[in-house]
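Okay, structure first, notes after.
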């Protein structure tokens, strides 16, 4: 069987024509998924690589790409650009449809809103994941609520979501990110045990905290900083490393 994948994760093209990504975890997930199929086609935005980009390269020869322009944003101009890009998206969906026996759609993202409609009316075999907060949250984008509604009410295949509760829908399945194998966790067991032993014997003078994620409102780094302010008020010894970028 052949697999088509629709994702809005930005990829980059190197000077020698290779398509790579900064998202190491996504690459691991897609390569692991591709092992169950003879060939895989990934539809995603691709832009020229920059000298500062730290990338990971796909290793599976059976993976190929449909490249799209990188568009999106919060301004009116950005939204207008999405409409202008719609013909390119439709052409990409046609290529994925002709290539694949089944399509995997990663929500939430703007690309998969028209993608949902296209493959719904084509009666394509599909499955999906929703990698955002399935329960919703305050100030959530309206497009995210729309996509959860479409997946809950009209999507024809199974959908894996991140949730600790019941979904009340036999097509909406609780799941976890398949980023690392059990064997890989076992490989780190010795290092973790040594760390625990050292902490028990020597204690911790300064607690090292880290947060990793895009610097945007709904990732709630502000909540983390407020918690750190409380720690400072109590003279708790720590320092915080923030990893990520954004507006």
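In my numbering, the protein residues as written are 95 to 341. All C-beta atoms in this analysis are idealised placements derived from N, C-alpha and C, irrespective of residue type, glycine included.
Asked	Found
Meets three-Cβ-pair contact criterion under 8 Å: the region 250–260 and the region 223–239	yes
Per DSSP, cross-strand counterpart(s) of residue 337	306
Alpha-carbon spacing of residue 216 relative to residue 127, whole angstroms	23 Å
Three CB pairs or more closer than 8 Å across the region 257–269 and the region 103–120	no
One or two residues paired with residue 254 in a DSSP bridge	223 and 267
Start and end residues, alpha helix (DSSP H) containing residue 323	315–327
Cβ contact (3+ pairs, closer than 8 Å) linking the region 199–214 and the region 233–248	yes
8 Å contact criterion, which residue 103 and residue 120 should meet: CB distance rounded	5 Å
Three-state secondary structure assigned by DSSP to residue 205	coil
Per DSSP, cross-strand counterpart(s) of residue 142	107
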